[in-house]
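Participant: Just so you know, we're using my numbering here: the sequence shown kicks off at 168 and counts up by one. Dumping the structure here so I can ask a few things about it.
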Amino acid sequence: MSQIINIIVCVRYLGNKDSIVQEINSLLIDKNLISGNQVFFDAFCGTGSVSKNIVGNFDLIINDNLKFCTVFSEGRLYEQNCEFKDLGFDPFEYLNNKNKGFNGFVFNNYSPAKTERMYFTKDNASKIDFCRKEIEYWKEKNLISDKEYKYLLTCLIQSVSLVSNTAGVYGAFLKHWDSRALQEFKFVRVSNENKFDRKIKVYNDKVENIIADINCDVLYLDPPYTQNQYGTQYHLLETLILNDNPSVSKVTGSRPVTPLKSDWSINFKSHIAFNEVIKKTQAKHIIFSYSPDGFISKEFISQTLKRYGNKDTYEFKKIDYKKYKNFKSKSTKRHYEYLFYIQKDKNREVIYTSPMNYIGNKTKSVSEIKTHLPKNIKTFVDAFGGGFNVGININADNLIYNDINNQVCSIIKLFNDYDIYELIKKIEKIIKKFNLEKGNKESYLNLRNYFNSKDYKNKDPVVLYALILYGFNQQIRFNSKLEFNNPVGVRWFNQKILEKLISFSAELKNKKVDYKSESYETLPLDKNSFYYFDPPYMLTTGSYNDGKRGFKGWDNETELQFMKYVEFLEKKKIKFMISYVLEHNDQTNDRFKKWIKENDFRQIELSTVQSSKIKRKEILIVNY
Numbered sequence: 168m169s170q171i172i173n174i175i176v177c178v179r180y181l182g183n184k185d186s187i188v189q190e191i192n193s194l195l196i197d198k199n200l201i202s203g204n205q206v207f208f209d210a211f212c213g214t215g216s217v218s219k220n221i222v223g224n225f226d227l228i229i230n231d232n233l234k235f236c237t238v239f240s241e242g243r244l245y246e247q248n249c250e251f252k253d254l255g256f257d258p259f260e261y262l263n264n265k266n267k268g269f270n271g272f273v274f275n276n277y278s279p280a281k282t283e284r285m286y287f288t289k290d291n292a293s294k295i296d297f298c299r300k301e302i303e304y305w306k307e308k309n310l311i312s313d314k315e316y317k318y319l320l321t322c323l324i325q326s327v328s329l330v331s332n333t334a335g336v337y338g339a340f341l342k343h344w345d346s347r348a349l350q351e352f353k354f355v356r357v358s359n360e361n362k363f364d365r366k367i368k369v370y371n372d373k374v375e376n377i378i379a380d381i382n383c384d385v386l387y388l389d390p391p392y393t394q395n396q397y398g399t400q401y402h403l404l405e406t407l408i409l410n411d412n413p414s415v416s417k418v419t420g421s422r423p424v425t426p427l428k429s430d431w432s433i434n435f436k437s438h439i440a441f442n443e444v445i446k447k448t449q450a451k452h453i454i455f456s457y458s459p460d461g462f463i464s465k466e467f468i469s470q471t472l473k474r475y476g477n478k479d480t481y482e483f484k485k486i487d488y489k490k491y492k493n494f495k496s497k498s499t500k501r502h503y504e505y506l507f508y509i510q511k512d513k514n515r516e517v518i519y520t521s522p523m524n525y526i527g528n529k530t531k532s533v534s535e536i537k538t539h540l541p542k543n544i545k546t547f548v549d550a551f552g553g554g555f556n557v558g559i560n561i562n563a564d565n566l567i568y569n570d571i572n573n574q575v576c577s578i579i580k581l582f583n584d585y586d587i588y589e590l591i592k593k594i595e596k597i598i599k600k601f602n603l604e605k606g607n608k609e610s611y612l613n614l615r616n617y618f619n620s621k622d623y624k625n626k627d628p629v630v631l632y633a634l635i636l637y638g639f640n641q642q643i644r645f646n647s648k649l650e651f652n653n654p655v656g657v658r659w660f661n662q663k664i665l666e667k668l669i670s671f672s673a674e675l676k677n678k679k680v681d682y683k684s685e686s687y688e689t690l691p692l693d694k695n696s697f698y699y700f701d702p703p704y705m706l707t708t709g710s711y712n713d714g715k716r717g718f719k720g721w722d723n724e725t726e727l728q729f730m731k732y733v734e735f736l737e738k739k740k741i742k743f744m745i746s747y748v749l750e751h752n753d754q755t756n757d758r759f760k761k762w763i764k765e766n767d768f769r770q771i772e773l774s775t776v777q778s779s780k781i782k783r784k785e786i787l788i789v790n791y
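This is the structure:
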């Protein structure tokens with residue numbers, strides 16, 4: 168009789184978190200999250216290293232895009248729950264002592280029997296097929312429970328891992344037999360010292376597809392961080408668990424992996440996915456582990472977490488750990504893991520920031536502006552839209568964005584119309600083609616000349632945006648011929664801009680926006696609409712409104728015209744709000760001040776824009 172082998176899990180899995188699980192446990196304890204009624208969502212469960220170690224303290228939700236991962240993560244919890252009473256015998260003894268082999272799918276496709284593939288010896292492949300066939304038969308005949316079924320499949324995955332002729336993953340096989348592959352296949356028992364008695368729910372999907380519907384207290388994210396597609400690297404284990412006999416590729420024998428491809432293993436798509444998950448999760452606490460070698464930078468992660476979470480609760484830790492090495496690895500370089508934490512409150516206000524730096528933008532005062540708006544706005548009209556920092560943050564059924572500068576309007580519309588991944592790729596292509604770098608005058612001028620050489624109708628707003636990113640203070644400036652003439656600057660397409668671009672674009676696509684580029688005076692008037700004006704200020708004339716840039720400037724006459732227009736709105740009983748600078752340094756716009764008083768408009772001082780360096784009094788003017 169063969170000896171039954173009990174084994175601690177040793178499946179070689181990319182990104183395995185065994186090395187930092189203690190840090191995660193410590194974090195959970197520190198945040199007082201170890202209690203009897205919390206739900207923990209392991210969104211990229213892998214082989215279940217984290218789930219196994221926290222499961223006694225949480226109800227558990229596990230998910231992975233790969234079926235074998237969810238089966239393994241769940242199944243390894245069940246050893247103490249498996250008595251095999253209905254089966255009537257010990258399945259481990261049976262599968263080891265009665266295993267005469269079966270020439271099935273593994274034998275035919277992953278051994279040298281009928282192919283040149285050397286994943287397993289013929290004898291071991293035949294024994295693996297036998298085990299898989301018997302386990303499935305027991306399940307079909309109701310001789311084993313669902314827990315027992317998943318536990319046995321977990322043990323099968325572990326057993327297969329011990330005799331596979333690979334370097335740790337299954338993307339390819341070794342050209343010569345490794346000593347481990349020549350060992351006789353044994354069906355081993357995966358040990359779990361604790362009986363599992365908590366609730367568990369299992370998903371097998373891309374986390375982006377399900378995150379909005381998952382009700383949990385703690386969200387733990389451990390996504391892929393390199394271009395390695397796990398579906399490709401573990402195709403054989405996926406096929407073994409699905410037991411679906413798929414068509415396979417000629418060389419590696421891989422099943423079709425397109426459905427298994429993950430955006431997290433693609434640069435920029437990973438950033439988009441991260442933004443989406445953090446934005447949509449219902450979790451109160453977010454824990455995120457990642458590698459410094461990954462696509463997503465620490466800066467991007469931090470900025471995204473702070474946008475959607477409470478920045479006062481943000482924590483970051485750099486953990487020294489031993490990275491998995493295969494037999495070819497010789498590097499002695501130290502490796503680190505990033506661990507992030509933040510709290511998220513579903514009632515907390517999220518403010519989106521335009522990725523276009525527009526002079527006079529209201530980024531810092533948006534929250535305060537919103538507190539003074541009327542409730543239940545049907546249509547919000549942002550009449551001097553600029554970077555759209557105000558409009559995008561307004562909860563209204565409809566939004567109207569307007570800016571008289573059609574070049575500015577084209578860029579804002581760009582963020583809405585383009586698939587964000589395709590837009591980023593196009594920006595990157597322009598940067599690479601023209602060798603754009605911060606402060607590189609020659610490259611910058613080459614791109615500027617290229618943009619200006621196009622006729623007005625054929626000017627590409629993506630090229631314009633790339634110019635803006637590398638221009639002086641990222642400003643928008645044209646000459647009287649409507650040529651872009653901002654000089655080169657020392658800014659660039661950095662991670663902060665990338666985060667703003669992704670979050671802003673994603674939110675913009677969720678809004679119903681009508682884009683216009685015309686004078687505020689020609690906008691349609693509706694008593695059910697609310698009109699927000701952020702016109703140029705006489706005391707702080709900028710390059711965008713000095714009348715020298717090919718667009719109509721702002722002077723005493725145009726300001727007077729604006730004041731009369733507002734009076735007209737008042738007579739029509741149309742609600743409005745005006746952002747305005749009434750005092751700047753030692754100057755006061757007395758005419759505007761008098762006009763406010765004469766019309767009995769309400770004046771609200773903004774606290775968020777006061778400065779000790781510049782004497783500046785910015786106000787809101789409302790007629791309600």
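All C-beta atoms in this analysis are idealised placements derived from N, C-alpha and C, irrespective of residue type, glycine included.
1. Can you tell me where the alpha helix (DSSP H) holding ASP257 begins and where it ends?
2. Roughly how many angstroms lie between the CA atoms of PHE582 and THR530, to the nearest whole one?
3. Quick one: give me the first and last residue of the beta strand (DSSP E) that GLN400 is part of.
4. Give the DSSP bridge partners of TYR457, in chain order.
5. Less than 8 Å between the C-beta atoms of SER671 and PHE618, yes or no?
6. What does the Cβ neighbour count give for THR425, buried or exposed, with the cut at 16 atoms within 10 Å?
7. State the start and end residues of the unbroken beta strand (DSSP E) segment that holds SER746.
8. If you measure between the beta carbons of PHE700 and ALA550, is that distance less than 8 Å?
9. Would you call the CB atoms of LEU194 and TYR481 closer than 8 Å?
10. Report the rounded CA-to-CA distance for ILE302 versus ASP226, giving the unit in angstroms.
11. Using a Cβ-Cβ cutoff of less than 8 Å, which residues in the same chain neighbour SER169 once the five nearest sequence positions on both sides are dropped?
12. Helix, strand or coil for LYS289, going by three-state DSSP, please let me know.
13. My output table needs one value for LYS481: the three-state DSSP class, helix, strand or coil.
14. So, with DSSP's three-state summary, where would you put THR120?
15. Identify, in the order they occur along the chain, each residue of the same chain with its Cβ nearer than 7 Å to the Cβ of CYS322, setting aside the five sequence neighbours on each side.
16. ASN493 to ASN332, Cα distance in whole Å?
17. Ordered along the chain, which non-local residues of its own chain (more than five positions away) have a Cβ less than 8 Å from that of LYS362?
18. What number of angstroms, rounded off, separates the C-alpha of PRO654 from the C-alpha of GLU466?
19. My guess is that GLN662 and SER416 are in contact by the Cβ rule of under 8 Å, so how many angstroms apart are they, rounded?
20. Three Cβ pairs or more, each shorter than 8 Å: is that satisfied between the region 291–309 and the region 218–234?
21. What does ASN569 pair with, by DSSP beta-bridge criteria?
22. Beta carbon of SER432, beta carbon of PRO391: below 8 Å?
23. Relative to the alpha-carbon of PHE441, which residue among LYS676, GLY553, LEU472 and LEU320 has its alpha-carbon at the smallest distance?
24. LYS495 by DSSP, collapsed to three states: which one?
25. Could you tell me whether the region 205–217 touches the region 328–342, using the rule of 3 or more Cβ pairs below 8 Å?
26. What are the partner residues of GLU772, as DSSP defines its beta bridges?
27. By DSSP, does LYS373 sit in helix, in strand, or in coil?
28. I'd like the list of long-range same chain contacts for LYS436, defined as Cβ closer than 6 Å, with 5 residues on each side in sequence excluded.
29. Among residues of its own chain, excluding the 5 on either side of ILE378, which ones have a beta-carbon nearer than 7 Å to its beta-carbon?
30. Taking all protein chains shown into account, decide if ARG299 is buried (16 or more other Cβ within 10 angstroms of its Cβ) or exposed.
31. Would you list the residues sitting across from ASP487 in a DSSP beta bridge?
32. Using alpha carbons as the reference points, say which of ARG515, PHE768, TYR503 and ARG501 lies closest to LYS166.
33. With 8 Å as the threshold, decide whether the Cβ of SER416 is near any Cβ in chain D.
34. Alpha carbon to alpha carbon, how far is LYS373 from TYR277?
35. Ends of the beta strand (DSSP E) at ASP549?
36. On the three-state DSSP scale, how would you describe ARG365?
Facilitator: If we stick to the structure as given:
1. Premise fails: ASP257 is in no alpha helix (DSSP H) and is neither H nor E.
2. 18 Å
3. From DSSP, GLN400 is part of no beta strand (DSSP E) but of the alpha helix (DSSP H) over 397–400.
4. TYR505
5. Note that residue 671 is Phe in the sequence shown, not Ser. Cβ distance not < 8 Å, so PHE671 and PHE618 don't count as in contact.
6. exposed
7. 743–751
8. yes
9. no
10. 28 Å
11. Note that SER169 has pLDDT 41, beneath the 50 cutoff, so the model's placement of it is unreliable and no number is given.
12. helix
13. Per the sequence presented here, residue 481 reads as Tyr, with Lys not at that position. Strand at TYR481.
14. What the structure shows of the chain is the stretch from 168 to 791, and residue 120 is not part of that stretch, so it cannot be assessed.
15. PHE354, VAL355, ARG356 and VAL357
16. Residue placement at ASN493 cannot be trusted, given a pLDDT of 46 that sits under 50; the coordinates are not used to answer.
17. GLN247 and ASN248
18. 28 Å
19. The Cβ separation is near 37 Å, so there is no contact.
20. no
21. LYS683
22. yes
23. LEU472
24. Legend: pLDDT at LYS495 = 46, less than 50; position of this residue unreliable, value from coordinates given subsequently. It is coil, neither helix nor strand.
25. no
26. ILE786
27. coil
28. ASP430 and TYR588
29. VAL444, LYS447 and THR448
30. buried
31. TYR503
32. In the structure as shown, the chain starts at 168 and stops at 791, and residue 166 therefore has no counterpart that could be examined.
33. No chain D appears in the structure shown, which is made up of a single protein chain.
34. 28 Å
35. 546–549
36. coil
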